[in-house]
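According to the numbering used here, the sequence shown is numbered sequentially starting from 50. Please read the structure below before turning to the comments.
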Amino acid sequence: MKYPKLRELKEAVISLFTPAYTTKFPYAGHTPYEGFRGRPVVDDLNCVGCETCANVCPPHAITFSDDPEKKVRTIRRDYGKCIFCGQCEEHCITRRGVKLSDKIFDIADTDRSRNVDIQQKELLVCNNCGAVITTREHLIFIHKKLGPKAYSSILNLNVLNEKLRLAEGQDIEVDVVDHLKRKDMFNILCPNCLRLVLVKYL
Numbered sequence: 050m051k052y053p054k055l056r057e058l059k060e061a062v063i064s065l066f067t068p069a070y071t072t073k074f075p076y077a078g079h080t081p082y083e084g085f086r087g088r089p090v091v092d093d094l095n096c097v098g099c100e101t102c103a104n105v106c107p108p109h110a111i112t113f114s115d116d117p118e119k120k121v122r123t124i125r126r127d128y129g130k131c132i133f134c135g136q137c138e139e140h141c142i143t144r145r146g147v148k149l150s151d152k153i154f155d156i157a158d159t160d161r162s163r164n165v166d167i168q169q170k171e172l173l174v175c176n177n178c179g180a181v182i183t184t185r186e187h188l189i190f191i192h193k194k195l196g197p198k199a200y201s202s203i204l205n206l207n208v209l210n211e212k213l214r215l216a217e218g219q220d221i222e223v224d225v226v227d228h229l230k231r232k233d234m235f236n237i238l239c240p241n242c243l244r245l246v247l248v249k250y251l
């Protein structure tokens, strides 16, 4: 049997009379250091509902579902599954839609439903085939991001109309009847339906 070295005995004595390095949480309060990765906090005004955070979330704590009939996208965030990795914050296209809090980190609860957030965004749906395009806020963000290049897209002209209020919605929206026609290119159409119009009439 080998006896411990003097260095090991020294470390053992120091460790015996030195207070623990860890905090007394949860029996006492704890203030994390700046930059601590805590619970993600969503800013609804800057979140455009683009699905990016759901696509990059490793534990699939963020999921979404689209309801084309009600034109609503529902985003569900289950913080009980969240590993606080920060991927949602890093890949957020607006850079302000979600931030990891350095204050909120204790999410232990006997009721898991308390750690679930539900967020809803208005959807844009193709007037012809009913396919989901994206959320209205997402399209407005793209319009602002592209600047003058956005006017090359007919779909973005509808965003411009809403922004400048050039005409009321009922004045420019025409129901698609008897297949797609040239006038329908100014409706809200998905890329596939818009291509059919442009190829046939332009």
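Ideal Cβ positions, reconstructed from N, Cα and C, are used throughout, including at glycine.
- One Cα belongs to HIS109, the other to TYR82, and the distance between them is close to 27 Å.
- By the CB criterion at 9 Å, ILE156 and ASN164 fall inside the cutoff.
- Between PRO89 and LYS130, the CB-CB gap reaches or exceeds 9 Å.
- Within the model, the alpha-carbon separation for MET234 versus LEU243 is close to 6 Å.
- Sequence-distant Cβ neighbours of ILE111 in its own chain, meaning closer than 6 Å and more than five residues away, are CYS102, ALA103, ARG126.
- Per DSSP, LEU172 is not a residue of any alpha helix (DSSP H); the beta strand (DSSP E) it occupies stretches across 165 to 174.
- Judged by beta-carbon spacing, GLY146 lies beyond the 9 Å limit of ARG122, meaning their Cβ atoms are not closer than that value.
- Burial is judged here by how many other beta carbons sit within 10 angstroms of a residue's own beta carbon; LYS119 has fewer than 16 and is exposed.
- The beta-carbon distance between ASP151 and GLY78, rounded to whole angstroms, is 14 Å. This is too long to meet the 8 Å contact definition.
- Taking all protein chains in view, the Cβ of GLU186 is crowded by 16 or more other Cβ atoms within 10 Å, so the residue is classified as buried.
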